[in-house]
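The sequence shown: position 39 = 1421 (this note's numbering), numbered continuously. Even glycine gets a Cβ: it sits at the ideal position worked out from N, Cα and C. From a predicted model like this one, the values you see are computed outputs, not experimental measurements. Worksheet: one structure, shown below.
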Amino acid sequence: WQLKLWKVSVWLAFVGVLCTALLFIPVSRGSAILKAAGLSFEESIRYHIWLGHTAMAVFTIHGLFYVIIWASNNDLHE
C-alpha cells in the first residue's frame, strides 16, 4: 500500500506543478494569449483562481501522503 500511496503522491506533485505552471500565463485585460484562447478577462480570472485553489489542495494532499508514508516507516525524525 505504501508503494501505491507513493505513486499517487508523485502523480499529485506533477498535477500540482502543471497547475502552478498554468498560473503563470499572463492574466491582463489585453493579453494576446487570452484573446487567442477566446477567453474574456472575467473568465480568465475565474480560471486563475480555480487553478490556484486546485494547486494548493493538490500540494496539501501530496504532502499529507508523504507524511503518512514517513510515519508508517518511522522516518519522521529524519
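Leaving out five residues on either side along the sequence, give the residues of the same chain with a beta carbon under 8 Å from the beta carbon of residue i.
| i | result |
| --- | --- |
| I1415 | I1407 and P1408 |
| Y1429 | L1421 |
| H1444 | S1391, L1394, A1395 and G1398 |
Starting from the C-beta of residue i, find all residues in its chain whose C-beta is less than 6 Å away, skip the five residues before and the five after it, and write them out in chain order.
| i | result |
| --- | --- |
| F1423 | R1411 |
| F1447 | L1387 and S1391 |
Would you call residue i buried or exposed, if buried means 16 or more other Cβ atoms sit within 10 Å of its Cβ?
| i | result |
| --- | --- |
| F1396 | exposed |
| K1454 | Correcting the residue identity first, residue 1454 is Ser in this sequence and not Lys. Exposed, by the Cβ-count rule. |
Under the three-state reduction of DSSP, which class applies to residue i: helix, strand or coil?
| i | result |
| --- | --- |
| F1441 | helix |
| L1421 | coil |
Relative to the alpha-carbon of residue i, which residue among the options has its alpha-carbon at the smallest distance?
| i | options | result |
| --- | --- | --- |
| A1403 | Y1448, L1433, I1427 and A1418 | L1433 |
| T1436 | S1426, C1401, W1388 and L1387 | C1401 |
For the segment 1439-1450 against the segment 1383-1400, do three or more pairs of beta-carbon atoms, one drawn from each stretch, fall closer than 8 Å, so that the two count as touching? yes
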